[in-house]
Amino acid sequence: MITLDSSKVHLACAPIAWTNDDMPELGGKNTFEQTISEMALAGFSGSEVGGKYPTDSAILNKALSLRNMTICNAWFSTEFTSKPAEETYQAFTKWAEFLKSVGARVIGCSEQGNSIQGTSKPVFFEKPVYTEEEWDRVTSGMNRLGAIAKDLGMKCSFHHHMGTGVQTPSEIDRFMDMTNDDVYLLFDSGHLMYSEQDPNAAYKVLNTYVDRVAHVHLKDCRMELVKRVYDERLSFLDGVRMGTFTVPGDGDLDFDPIFKTLQEASYEGWMVVEAEQDPDIANPFEYALKARTYIREHAGL
4 MITLDSSKVH LACAPIAWTN DDMPELGGKN TFEQTISEMA LAGFSGSEVG GKYPTDSAIL
64 NKALSLRNMT ICNAWFSTEF TSKPAEETYQ AFTKWAEFLK SVGARVIGCS EQGNSIQGTS
124 KPVFFEKPVY TEEEWDRVTS GMNRLGAIAK DLGMKCSFHH HMGTGVQTPS EIDRFMDMTN
184 DDVYLLFDSG HLMYSEQDPN AAYKVLNTYV DRVAHVHLKD CRMELVKRVY DERLSFLDGV
244 RMGTFTVPGD GDLDFDPIFK TLQEASYEGW MVVEAEQDPD IANPFEYALK ARTYIREHAG
304 L
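When you line the sequence shown up against the working numbering, it's residues 4 to 304, in that order.
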């Protein structure tokens, strides 16, 4: 039986299930207080940062402490492919300092300078493919961010993501080869399964890089809908509205090999349930409970 060490592995939820920052109309009525209260009630001890969260660390810390919760990570958009690198360095430092003040020790980055994830472009057919110069800009920039994070006592992780230049296993391989050990991987099971339409892609990437994984997103996919996104040349956001993503145990991905790999590697850090759906269709509290039950039964946490 797979039993992850509860003293080393902690569970969190991403607020995107309650309110989608990329599409504010999804969950627009759900408040910050409702979001973290339902996370805590479902049995999670951590949260990532959402757009409705207080930006005053004292206010945020108080609200979280009342619910025995903490912040574990937050998204950061790098823009090395579209702006001077110094702008990203300055913004990253400011954001990392805030995250550290609210308990996080990991900051998750994604290159958004030429991403199509928030556009109407077909996600499988018009994703960016980096030039040699862009690869150099992104990876050298991330190496600098890794050093900045290390100086702050944090870890800088990189989120491979649909609609970006680091999406496929081969792109992840190149990124990891061109960055140093201060740059970690934010492993996202759903994005790899989605990208390759194959669960084995997620297993192989995790097995290859588990020693450099600093943060884990537990995301499931409904492959029938992913196939529709491909066949109908739909956008990433079209897929989200349709329900391509869901929580562990509700889609087509078997998480046992993922939990086993993390157990064998003595992974220490957070596992975050992240499944952006329309909350009017997929009640976020109900799905958080569903995910929590699945993790308890399959990972012993």
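Where a beta carbon is used, it is the ideal one built from N, C-alpha and C, also for glycine. Bear in mind the structure is a predicted one, so any value in this text is a computation, not a measurement.
**OP:** Output yes or no for whether 8 Å exceeds the beta carbon distance between His163 and Cys112.
**Re:** Contact: no.
Original post:
Per DSSP, Thr81 is paired with what?
Top reply: Beta-bridge pairing by DSSP links Thr81 to Glu114.
Subject >> Endpoints, alpha helix (DSSP H) assigned at Asn76 >> reply: Premise fails: Asn76 lies in the beta strand (DSSP E), Thr73 to Asn76, not in any alpha helix (DSSP H).
Subject >> Runs of beta strand (DSSP E) lying entirely within the stretch 213-238, each at least 3 residues, in chain order >> reply: Counting whole runs of 3 or more residues, the stretch 213-238 contains the beta strand (DSSP E) stretches 216-221.
Subject >> For Thr249, three-class secondary structure by DSSP >> reply: Correct three-state label for Thr249: strand.
**OP:** Quick one: give me the first and last residue of the beta strand (DSSP E) that Ser160 is part of.
**Re:** Ser160 -> beta strand (DSSP E) spans Lys158 to His162.
Original post:
Can you list, in chain order, the residues of its chain whose CB lies under 6 Å from that of Leu292, leaving out five sequence neighbours each side?
Top reply: If we look at Leu292 and ignore the five residues flanking it on each side, its Cβ neighbours are Ala45.
Original post:
Buried or exposed: Phe128, going by 16 or more other Cβ atoms within 10 Å of its Cβ?
Top reply: When all chains shown are included, Phe128 counts as exposed.
Subject >> C-beta contact flag for Val109 and Asn64 at 8 Å >> reply: By the CB criterion at 8 Å, Val109 and Asn64 fall outside the cutoff.
Original post:
Going by beta carbon distance, what residues of the same chain come within less than 8 Å of Glu82, once the five residues before and after it are set aside?
Top reply: Hits under 8 Å: Glu90, Thr91, Glu114, Gln115 and Gly116.
Original post:
Are the beta-carbon atoms of Lys11 and Glu271 separated by less than 8 Å?
Top reply: Contact: yes.
Original post:
If we call anything under 8 Å between Cβ atoms a contact, is Val275 one with Glu51?
Top reply: It is a contact, given that the beta carbons lie within the stated cut-off.
**OP:** Give the range of the alpha helix (DSSP H) segment to which Phe258 is assigned.
**Re:** Per DSSP, Phe258 lies in no alpha helix (DSSP H) segment and is marked neither H nor E.
Subject >> Of the residues Val232, Leu7 and His301, the one placed nearest Lys124, counting alpha carbons only >> reply: Selected option, being the one with the closest Cα: Val232.
Original post:
The alpha helix (DSSP H) with Phe190 in it runs from where to where?
Top reply: It is not in any alpha helix (DSSP H) - Phe190 instead sits in the beta strand (DSSP E) that spans Val186 to Asp191.
Original post:
Nearest CA to the CA of Met196: which residue from Ile175, Asp223, Ala217 and Met181?
Top reply: Ranking Ile175, Asp223, Ala217 and Met181 by Cα distance to Met196 puts Asp223 first.
Original post:
Touching or not, the stretch 30-47 and the stretch 278-290, by the rule of three or more beta carbon pairs under 8 Å?
Top reply: With the rule of 3 Cβ pairs closer than 8 Å, the stretch 30-47 counts as touching the stretch 278-290.
Original post:
Would Ala107 pass as a contact of Ile74 if the rule is Cβ separation under 8 Å?
Top reply: Against a cut-off of 8 Å, the Cβ pair of Ile74 and Ala107 comes out as a contact.
Subject >> Opening and closing residue of the alpha helix (DSSP H) in which Trp21 lies >> reply: No alpha helix (DSSP H) contains Trp21, which DSSP labels as neither H nor E.
Original post:
Helix, strand or coil for Ser50 per DSSP?
Top reply: Strand.
**OP:** For Thr134, count neighbouring Cβ atoms within 10 angstroms of its own Cβ and tell me buried if that reaches 16, exposed if not.
**Re:** Exposed is the call here.
Original post:
By the 10 Å Cβ neighbour count, where 16 or more other Cβ atoms means buried, how is Ser68 classified, buried or exposed?
Top reply: Label assigned to Ser68: exposed.
**OP:** Leaving out five residues on either side along the sequence, give the residues of the same chain with a beta carbon under 6 Å from the beta carbon of Arg295.
**Re:** The answer, listed in chain order, is Ala45 and Gly46.
Subject >> Paired residues, beta bridge with Tyr273 - DSSP >> reply: According to the sequence as given, residue 273 is Trp; it is not Tyr. Answer by DSSP bridge pairing, in chain order: His13.
Subject >> Run of the alpha helix (DSSP H) containing Met179, from where it starts to where it stops >> reply: Per DSSP, the unbroken alpha helix (DSSP H) holding Met179 starts and ends at Pro172 to Met181.
Subject >> Helix, strand or coil at Val109 according to DSSP, with G and I counted as helix >> reply: Per DSSP, reduced to three states, the secondary structure at Val109 is strand.
**OP:** Might you give, ordered along the chain, the residues of its own chain that have their beta carbon closer than 7 Å to the beta carbon of Val250, omitting 5 neighbours on each side?
**Re:** Counting only Cβ-Cβ distances below 7 Å, and skipping sequence neighbours, we find Asp223, Val276, Ala278, Tyr290, Lys293 and Ala294.
Subject >> Residue from Ser143, Gly166 and Lys153 whose Cα sits closest to the Cα of Arg177 >> reply: With distances taken between CA atoms, Arg177 lies nearest to Ser143 out of Ser143, Gly166 and Lys153.
Subject >> Where the alpha helix (DSSP H) containing Phe95 begins and where it ends >> reply: It spans Ala88 to Ser104 - the alpha helix (DSSP H) in which Phe95 sits, taken as one unbroken run.
Original post:
Would you call the CB atoms of Phe190 and Val169 closer than 8 Å?
Top reply: No, the Cβ-Cβ distance between Phe190 and Val169 is not below 8 Å.
Original post:
When you compare each of Cys159, His194 and Asp257 to Ala217 by their alpha carbons, which one comes out closest?
Top reply: Among Cys159, His194 and Asp257, the Cα nearest to that of Ala217 belongs to Cys159.
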